[in-house]
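Protein chains in written order, with my numbering: chain V, 15 to 257; chain A, 28 to 389.
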């Protein structure tokens, strides 16, 4: 928790800067922590838009129950950190077994995070209701989503000025999002053959989108870092664990 | 086949007033109905419809859905809720607070006066001919209707016969947009214009209302919060609480020292309960932790919950731990971190020769 204070302060400063000018396009942005800003056109989460977060296909596979595992989960949670610290409400539909410590380390205000781990067949209705009153809705659809339903949720997202983050996992999300984030080249650091421990994970996050975001943006990140946060790994960053 | 529709009609909100207060109330009705079905459609001021088939299944029948919607909207405005096939029938059913059974809408319409077609001239003409109900009108042969009452009369005739679901012009076009404009003008402080500093408490209030609605939809225990508490294992450090429930102070404080904690970063997923797993060496022999806290062989492959085997590419531990686990008994356990092919990382726990996946670093 202590390690996070500078990052939070930084995002608050950023936020204050955003709040000052009253250009409508800027007040439509929710902040993200600095290492992630380069992934977003405008540097933050734009209200009314949708984001799909996915692993590159090498994520943990099905284990006989819907455990919500995907290599994109930490990235997805890290998107909520700055916005939630700044007062935005976040909800996660269909996300089971979330670790409180990881969420807290990523800067999420647990008082403003609501979980609907097993919404059952009413998941779409629940998500639709949430889009009307919560700023950021994370959706881990328990089943593949029909195109009409996906379009309806996207329309609600636009109308209500919410942000929809879809973590499809093994389910299918049929619609093209405004921004797609893919976690790839993952490599864990600090663990050997019987020695060390999981210290941090190096990943490449690629963002592709529509219109102004059509050109792919790439960031090398520690996700999570040694403190359980997100840090810039830099293109030439060390690839081995410091001792 | 005409669509099965639930209609909510707000008799006090059928007009639009200068300041838009009536429309704002109608928007609140829409929001309340939307909890039961996101597909709710504003038809015209004071009237909205939703496709009823799916929601009726979820909520235990058509009458149950009508009751739920009636209850949810009653506090906001006077509402009439009904159900029938097609919009025309459903609006009339709402006026009478009726659920017209599927397939019987033409019979229901046949009993209603011709004035319900919304054309006073036509109604007067029909009355002079002795035709007082929609059923009387519907019984006229179609070709005679076109000759006597024109194209407009023919359209209403089709509605009366139950061949067309709604009267032309009844649905106000652009209602969606109209409401949207109004909504955004109505709440300048909810983030879009108020910025992030102003309007926070407003946002909190809106979130609280929304969450209460979602709890009505899913049940109170369907909406949870997660709390941090002290403990050694990731599972011990997370606690789920029902949204809005009074908090009982945890028996474990964060500040107390917890020797044996796994060093950070913490796993994003904490499996509750843990998933059964098997660990074998390259020869396929089970790997266990000996009484002295050492692995009996090099871990080669892992299978979770009877799933496929995945190669173990790196591991750390085992770290012995003696503690209270998910049962209250004291047990000898050990933990091990593994990285699998594809760089998925798991936290394993072993007890008496058995393995569990306690957490996943997603």
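C-beta: ideal position from N, C-alpha, C; glycine also.
Non-local C-beta neighbours of residue 248(V) in its own chain, meaning closer than 8 angstroms and more than five positions away in sequence, comprise 234, ordered along the chain. Between residue 73(A) and residue 32(A), the gap from beta carbon to beta carbon reaches 8 angstroms or more. Taking a Cβ-Cβ threshold of 8 angstroms, the residues of chain V close to residue 230(A) are 101, 102, 103, 149, in chain order.
Taking a C-beta cut-off of 7 angstroms against chain V, the contacting residues of the region 195 to 212 of chain A are 207, listed in chain order. Residue state for residue 96(A) is assigned as helix, using DSSP reduced to three classes. Distances from the CA of residue 106(A) to each of 118(A), 114(A), 113(A) were compared; the closest alpha carbon is that of 118(A).
Given a length threshold of 4 residues, each whole run of the alpha helix (DSSP H) inside the region 153 to 208 of chain A is given here in chain order: 161 to 165, 169 to 187.
When 339(A), 124(A), 378(A), 239(A) are compared, the shortest CA-CA separation from residue 368(A) is found for 339(A). The Cβ atoms of residue 296(A) and residue 87(V) sit closer than 8 angstroms to each other. Around the beta-carbon of residue 190(V), fewer than 16 other beta-carbon atoms lie within 10 Å, marking it exposed.
Remark: C-beta atoms of residue 181(A) and residue 194(A) do not approach each other more closely than 8 angstroms. Secondary structure note for residue 263(A): its alpha helix (DSSP H) is the uninterrupted segment 261 to 264.
The beta carbons of residue 319(A) and residue 344(A) sit no closer together than 8 angstroms. The way I'd put it, the region 85 to 102 of chain A doesn't touch the region 145 to 163 of chain A; fewer than three beta-carbon pairs between them come closer than 8 angstroms. At a C-beta separation below 7 angstroms, residue 98(V) has no neighbours in chain A, since its nearest C-beta there lies roughly 12 angstroms away. The C-alpha of residue 148(V) is placed about 12 angstroms away from the C-alpha of residue 179(V). Boundaries cannot be given for residue 38(A), as no beta strand (DSSP E) includes it and DSSP labels it neither H nor E. Across the set 377(A), 378(A), 373(A), the C-alpha of 373(A) shows the shortest separation from the C-alpha of residue 388(A).
Using a Cβ distance threshold of 8 angstroms, residue 245(A) and residue 195(V) do not count as a contacting pair.
DSSP places residue 99(V) in the uninterrupted alpha helix (DSSP H) bounded by 87 to 99.
Under the criterion of beta carbons closer than 8 angstroms, residue 383(A) and residue 329(A) do not qualify as touching, at roughly 11 angstroms. Here residue 193(V) carries a strand assignment [DSSP, helix/strand/coil]. Between residue 238(A) and chain V, the shortest Cβ-Cβ separation is below 8 angstroms. For residue 45(V), the enclosing beta strand (DSSP E) starts and ends at 43 to 45. Each residue's CA atom was taken as its position, placing residue 181(V) and residue 187(A) some 49 angstroms apart. In this structure, DSSP gives residue 118(A) a helical state, which the three-state scheme calls helix. By the Cβ neighbour-count rule, residue 169(A) is exposed, with fewer than 16 other Cβ atoms within 10 Å of its own. The beta carbon of residue 206(V) falls within 8 angstroms of a beta carbon belonging to chain A, placing the residue at that interface. No Cβ-Cβ contact shorter than 8 angstroms links residue 324(A) with residue 305(A). Judged by pairs of C-beta atoms under 8 angstroms, the region 100 to 108 of chain V does not touch the region 161 to 175 of chain V, as fewer than three such pairs exist. Burial is judged here by how many other beta carbons sit within 10 angstroms of a residue's own beta carbon; residue 243(V) has at least 16 and is buried.
Look at residue 118(V): its C-beta is under 8 angstroms from a C-beta on chain A. Against residue 270(A), the close residues of chain V are 128, in the order they occur along the chain (beta-carbon pairs closer than 7 angstroms).
Only residues of its own chain outside the window of five on either side were considered, and among them 187, 188 have a CB closer than 6 angstroms to the CB of residue 165(A), listed in chain order.
For residue 202(V), the nearest CB of chain A lies under 8 angstroms from its own CB, placing it at the interface with that chain. Among the residues of chain A, those whose CB is under 9 angstroms from the CB of residue 142(V) are 61, 62, 64, 65, 66, following chain order.
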